[in-house]
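S.K.: Residue numbers (the working numbering): 331 to 519. After the structure tokens below, expect a handful of questions from me.
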Amino acid sequence: MTAEQLARAISELFAPWILNIGFFVVLGVSTGSWAPALTAAAGTGLVPMLLIVLLMRMGRVGNHHITDRGQRSLVYVGIFLCVLALVAALAWLDAPRLIWVGVFSALVFLAVFGLVTLRIKASVHVGLWVCLIVFLSLTVSPWWWLGLLFTPVTAWARIRIDHHTMAEVIAGIVTGAVVTVVCYLAFLA
């Protein structure tokens, strides 16, 4: 496997939609609330990816990683609406606070990254990775902090395949960490 192939594989494996699914599965294990957790996983991972595929087929976005910064606003709005619909679905379920906070954090993440994207194409891959690892570290187990050790690997992959620059990766890391700390302090502290 070449370095390019490895970078592409890492980029796909740590795509935001997959990270969101994994995140809510972990929260499902942690809380024992499978119906809300799987609903949140679908609403923040599967449904947004289906939206992106639909937008690709319509010619509105170029690829599933939304590498063109100009195409991101449409995707952010669409995913924001998906997550709002998820909030309505979770209202019918007996979702524990941790899952609610995870979903509200997703809304904040989308809003903040949407604003940051007006200035720089911050890496959502790396930003979401940091966001989710910090969230799990603060709420589930301090062992999750070890996940931050993988951040440079994801950053390398995004830079290696020319989807981001170092500045865009750093912007993603900082934005993801700030969003998580703000959401934790606002919703859980």
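The beta-carbon is built from N, C-alpha and C at its ideal position, and this holds for glycine as well.
#1: Using C-beta distances below 6 Å, list every residue in its chain close to leucine 478, excluding the 5 sequence neighbours before and after it, in chain order.
#2: Helix, strand or coil, according to DSSP, for methionine 331 in the structure here?
#3: Mapping the DSSP letters down to three states, classify methionine 496 as helix, strand or coil.
#4: Measure the alpha-carbon distance for leucine 295 versus valine 433 and round it to whole angstroms.
#5: Given 8 Å as the limit, is there contact between the segment 433-449 and the segment 473-488, that is, 3 or more CB pairs closer than that?
#6: In three-state terms, what does DSSP make of leucine 385?
#7: According to DSSP, is proline 366 helix, strand or coil?
#8: For valine 386, collect the residues of the same chain with a Cβ closer than 8 Å to its Cβ; drop the 5 residues on either side in sequence, then sort them by chain order.
#9: Mind checking tryptophan 473: buried by the 16 CB within 10 Å criterion, or exposed?
#10: Within 10 angstroms of its Cβ, does phenylalanine 344 collect 16 or more other Cβ (buried), or is it exposed?
#11: Is the segment 490-498 touching the segment 449-458 in the sense that three or more CB pairs, one from each, lie closer than 8 Å?
#12: CB alanine 468 to CB tyrosine 514, shorter than 8 Å?
#13: By a C-beta neighbour count over all protein chains shown, 10 Å radius and 16 as the cutoff for buried, is glycine 362 buried or exposed?
#14: Is the Cβ-Cβ distance between alanine 367 and phenylalanine 354 less than 8 Å?
#15: What is the DSSP secondary structure of serine 360, counted as helix, strand or coil?
#16: Go to proline 482, then tell me how far its alpha helix (DSSP H) extends in each direction, as first and last residue.
#17: I'd like the span of the alpha helix (DSSP H) that includes valine 456, first residue to last.
M.R.: Answer, in terms of the structure:
#1: Ile463
#2: coil
#3: helix
#4: Not covered by the structure: residue 295. The range shown for the chain is 331 to 519.
#5: The segment 433-449 vs the segment 473-488: no contact.
#6: helix
#7: Here proline 366 carries a helix assignment [DSSP, helix/strand/coil].
#8: Sequence inspection shows methionine at residue 386; the valine mentioned does not correspond to that position. In the same chain as methionine 386, and ignoring 5 residues on each side of it, the C-beta atoms closer than 8 Å to its own belong to Gly392, Asn393, His394, in chain order.
#9: exposed
#10: buried
#11: yes
#12: The sequence given here places leucine at residue 468; alanine does not occur at that position. Yes, they are a contact pair.
#13: exposed
#14: Taking 8 Å as the Cβ cut-off, alanine 367 and phenylalanine 354 qualify as a contacting pair.
#15: helix
#16: 481-490
#17: 454-469
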